[in-house]
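Engineer: Read in the UniProt record's numbering, the sequence shown has 90 at position 90, and its numbers run on one by one without any break. Cβ atoms here follow ideal geometry from the backbone N, Cα and C, with glycine treated the same way. Keep in mind that this is a model prediction, so the values were computed, not measured. Dropping the structure in here first, questions after.
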Amino acid sequence: MHKIATPRLWLIPATVASMKAELRSPRSLSRNLNVRMPKVWPPPPFNDEASQRWMLNYLESHEQSRWGMYYILLRGRDRQLIGNCGFKGEPLKNSIEVGYAICPEFRRHGYAAEAVDRLLRHAFDDPNINRVLAETFPDLIGSIGVLRKNKFVRVRGGSEPGVIRFSHTRARWLAS
Numbered sequence: 001m002h003k004i005a006t007p008r009l010w011l012i013p014a015t016v017a018s019m020k021a022e023l024r025s026p027r028s029l030s031r032n033l034n035v036r037m038p039k040v041w042p043p044p045p046f047n048d049e050a051s052q053r054w055m056l057n058y059l060e061s062h063e064q065s066r067w068g069m070y071y072i073l074l075r076g077r078d079r080q081l082i083g084n085c086g087f088k089g090e091p092l093k094n095s096i097e098v099g100y101a102i103c104p105e106f107r108r109h110g111y112a113a114e115a116v117d118r119l120l121r122h123a124f125d126d127p128n129i130n131r132v133l134a135e136t137f138p139d140l141i142g143s144i145g146v147l148r149k150n151k152f153v154r155v156r157g158g159s160e161p162g163v164i165r166f167s168h169t170r171a172r173w174l175a176s
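In structure tokens:
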């Protein structure tokens, strides 16, 4: 994986070393990435120790994969860490799932939408990916807004009760 630029953000690939640092402490992650930390890390509500350990295990067994996690930094001299985003594992049946989280003090500035837009481009650069999925909860209005802004549409199902699923297709991406 390589660093990805957007107009306002850097998406920095997570590594085994950065995930181990993140599991140790926010200060350790700050030193590993050479970033300014937000007030709260990891960004709520989904980034718990279990999900961090899952990503560490994934990275340890998929070092060369392009489908990992990215740290979201504001572009500029201060290297402010504001959230994370990425893919939830390898593609399955020509589909891949994205996830994203922005720290509370940086929400409502369009950063998540900008990061997800770049993840879509990254996914559809692979000719084998025909669909990108995302899941959220019905009460996370901001998260739903991020998906709708990026032209995801709600589809049936979800990975567990109470979860809603959204989809974006290659055909819709090419038409936009």
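What residues are listed by DSSP as bridge partners for Arg131?
Structural biologist: In the sequence shown, residue 131 corresponds to position 131, counting from 1. Beta-bridge pairing links Arg131 to Ser95 and Thr169.
Engineer: Mind checking which residues open and close the beta strand (DSSP E) that includes Asn87?
Structural biologist: Here residue 87 is taken as the residue at index 87 of the sequence shown, counted from 1. Reading off the sequence, residue 87 comes out as Phe, not Asn. Looking at the DSSP string, the run of the beta strand (DSSP E) that includes Phe87 is Leu81 to Phe87.
Engineer: Given Ala113, which residues of its chain have a CB within under 7 Å of its CB, disregarding the five upstream and five downstream residues?
Structural biologist: The sequence position of residue 113 within the sequence shown is 113, counting from 1. Cβ within range, chain order: Val146, Lys149 and Asn150.
Engineer: Nearest by alpha-carbon distance to Arg53: which of Phe106, Lys20 and Pro43 is it?
Structural biologist: Taking the first residue of the sequence shown as position 1, residue 53 is located at position 53. Here the closest residue by C-alpha is Lys20.
Engineer: Using a C-beta cutoff of 9 Å, does Gly158 count as contacting chain D?
Structural biologist: This model lacks chain D altogether, as it is built from one protein chain only.
Engineer: Using a Cβ-Cβ cut-off of 7 Å (strictly less than) and excluding sequence neighbours within five positions of Val153, which residues of its own chain qualify?
Structural biologist: Counting from one through the sequence shown, the residue named residue 153 turns up at place 153. Only Phe166 and Ser167 meet the Cβ criterion.
Engineer: Which one of Arg172, Arg36 and Leu140 has the shortest CA to CA distance from Tyr71?
Structural biologist: In the sequence shown, the residue the question calls residue 71 occupies position 71. Taking only the C-alpha atoms, the option nearest Tyr71 is Arg36.
Engineer: Using a Cβ-Cβ cutoff of less than 8 Å, which residues in the same chain neighbour Pro26 once the five nearest sequence positions on both sides are dropped?
Structural biologist: In the sequence shown, counting from the first residue as 1, residue 26 sits at position 26. Once the five neighbours on either side are set aside, the close Cβ partners of Pro26 are Met37 and Trp41.
Engineer: Could you name the residues of the same chain whose beta carbon sits closer than 7 Å to that of Arg75, not counting the 5 residues immediately before and after it, in chain order?
Structural biologist: Mapped onto the sequence shown, residue 75 falls at position 75. Only Arg8, Leu9 and Trp10 meet the Cβ criterion.
Engineer: Counting along the chain, where does the alpha helix (DSSP H) carrying residue 177 start and finish?
Structural biologist: Look at the range of the chain in this structure, 1 to 176, and you will see that residue 177 is not part of it.
Engineer: Assuming Trp67 and Glu49 are in contact, meaning their beta carbons sit under 8 Å apart, how far apart are those beta carbons, in whole angstroms?
Structural biologist: What you label residue 67 is simply residue 67 of the sequence shown in a count that begins at 1. What you label residue 49 is simply residue 49 of the sequence shown in a count that begins at 1. Contact doesn't hold; Cβ gap of about 22 Å is too wide.
Engineer: Please identify the residue among Pro13, Asp126, Ala175 and Ser159 whose C-alpha is closest to the C-alpha of Leu59.
Structural biologist: Position 59 of the sequence shown, counted from the first residue, corresponds to residue 59. When each option's Cα is compared against that of Leu59, the closest is Pro13.
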